[in-house]
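Everything on this sheet refers to the single structure shown next.
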Amino acid sequence: MVATRRQSAGGARAASPARRAKSPARKPAARAKSPARKPRKQQAPIEFEFGGPLGALATTVFLPLVVIALAVACDDDFCVGYNTLSEFRVPSNLVTIKAFGVVLGWLAFQALLYVALPGDRVQGAPLPGSTKRLDYVLNGHAAFWCSIVAVALADHYRWIDISTLYDDFVPLAVASCILSLLLSIALYVASFRPAKPLLAKPGNTGIRIYDFFMGRELNPRISNFDLKYFCELRPGLIGWVCLNLGALAKQREVSTSMLLVNIFQLQYVWDALYFERSILTTMDITTDGFGFMLAFGDLSWVPFTYSLQARYLASYDAQLSTLSLVVITLLHFTGYVVFRGANSQKDSFRRDPQTAIDRGTTYLQTKRGTKLITSGFWGAARKVNYTGDWLMGLSWCLLCGFGSPIPYFYATYFLVLLIHRALRDDHACAEKYGNDWPRYKEKVPCMFVPGVV
Ligand code: NDP
């Protein structure tokens, strides 16, 4: 994803035709009624992300093409190597009705699990500017296992052939991109309904393409069905595991690399769904609207680019030595320990700070009321959880050897995403915590690697 820092663009708000039309100051009648008008408040400048409206437009057009190009570039009898770019060709079956049926069927199956499976009912973080909280049902972990068992049984009894997920990868990716675009358009249009839904600050600038990209509405729901929460972890992440299994089924003799990629990534997805509750306090749920960025990211980008290692390994055996496999496995688990350790430390501290403090966790008390951890993982580096995440991603790429750059797309893109996300969060924390944030940064000066950066 384009990694631009937040940039201030004060002129853009004034230039928005939508805002100009809405401004009461332009109505002569309103002016006449209030002779002693107060001076108008200076509007805060819009803070654009992702390169502003132009960046949003470019990203909306460009990223689906990247998904499809990568899918095409990593085919069963040809995968872009370092010298083979000239052999690149576009397949004829880019768009098929079957692929649309599979993607829609998968979404419907996941929606059924979402509404039907039991789970704890919990409350999310307070909505912006209020004490109201939304209810969520935590049944993602059950949905994960139900999906895996259902797909395995369906394949075992030959109701489906899971290896067709590999054969139809390109039309499935195309169908998914088109459907997530349609969903984003529907979300954008629905956000203007007369019921006045709660809007997300980042996607409420009045600039259409930018708001479409960032998402206008914070928590679009159909009755109790929360569309953003549903899409965040289920269809895309569990779909990724299924695409991996499709690649595994395609390989004639399953290689150790293929087996490890499937196990490691399955564990990663399982972890996300097992700790589903922690998604409720992430910026995706609490701050960002549900627009193209999240809809496309969750439903198309994640399953179809994160599964490229397994797709590559279906046809190309990396033939790694036992020593390399052991080192890569250690790298994956080191990353996992850091990633899980840091996320769990913060999660349990946020839920029950006193117990953690009694056990020796140190912290900085902030004027905002919350405490910032200054020991353990969070005392080592401010975003060490991202570092652990990236190390895992790197280990998955390394399992593919060095025959092609395609499997390394994940580690490269993820590095950009995490740096951009870390800067976004740093900015958000500076706003949330004011002077306390530089004080915290003094105590924990490094962002990603303790003592280095
Ligand atoms: P974090 O889990 O880092 O959460 C950031 C928030 O944590 C801050 O806004 C602040 O919120 C709180 N915080 C920051 N520092 C401290 C501290 N010292 N003590 C206590 N609280 C603190 O970020 P994300 O939600 O972005 O990421 C969660 C996980 O998801 C990460 O491990 C990340 O790697 C992963 N991820 C994976 C992606 C993928 O595609 N695979 C994409 C994005 C994320 P407050 O103080 O208000 O509580």
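Mapping to my numbering: the sequence shown position 124 is 146, numbers consecutive.
Positions of the beta carbon are idealized from the N, C-alpha and C atoms, including for glycine.
Since we're looking at a predicted model, the values are computed, not measured.
Per-residue burial, E464 [other beta carbons within 10 Å of its own, 16 or more giving buried]: exposed
For V263 and L288, believed in contact at Cβ under 8 Å, the rounded distance: 5 Å
Residues near P148 by beta carbon distance below 6 Å, same chain, minus five either side: R155
Same chain, Cβ closer than 7 Å to A93, neighbours up to 5 away in sequence not counted: F191, V192, A195, F326
Residue range of the alpha helix (DSSP H) that includes Y430: Note, Y430: premise wrong, no alpha helix (DSSP H); not H, not E.
Ligand 2 heavy atom lying under 8 Å from the CB of S300: Absent from the structure shown: ligand 2. Ligands present: ligand 1.
Collapsed DSSP secondary structure at V137 in the structure displayed: helix
Residue span of the beta strand (DSSP E) that contains R339, given as start and end: Note that residue 339 is Asp in the sequence shown, not Arg. Note, D339: premise wrong, no beta strand (DSSP E); not H, not E.
Residue range of the beta strand (DSSP E) that includes V159: 157-160
Neighbour-count burial assignment, E296, 16 or more Cβ in a 10 Å radius: A small correction: the amino acid at residue 296 is Tyr; Glu does not occupy that position in the sequence shown. By the 10 Å Cβ count, Y296 comes out exposed.
Enclosing beta strand (DSSP E) for I395 [first to last residue]: 393-395
Alpha carbon of G127 to alpha carbon of S198, nearest angstrom: 12 Å
beta-carbon C451 near ligand 1 non-hydrogen atom, thresh 8 Å: yes
CA nearest to the CA of L220, picked from S366, L265, R238: R238
Coil, strand or helix - D320 by DSSP: helix
Pairwise C-alpha distance: R180 and Y136: 26 Å
For L221, the residue or residues it bridges with in DSSP: E239
Exposure of R461, with buried meaning 16 or more beta-carbon neighbours within 10 Å: exposed
Distance CB(L445)-CB(F235) smaller than 9 Å: no
Same chain, Cβ closer than 8 Å to T396, neighbours up to 5 away in sequence not counted: T384, Y385, L386, Y462, K465, V466
Beta-carbon gap between C101 and S329 smaller than 9 Å: no
Simplified DSSP assignment, three categories, for V192: helix
DSSP three-state assignment for C96, whether helix, strand or coil: strand
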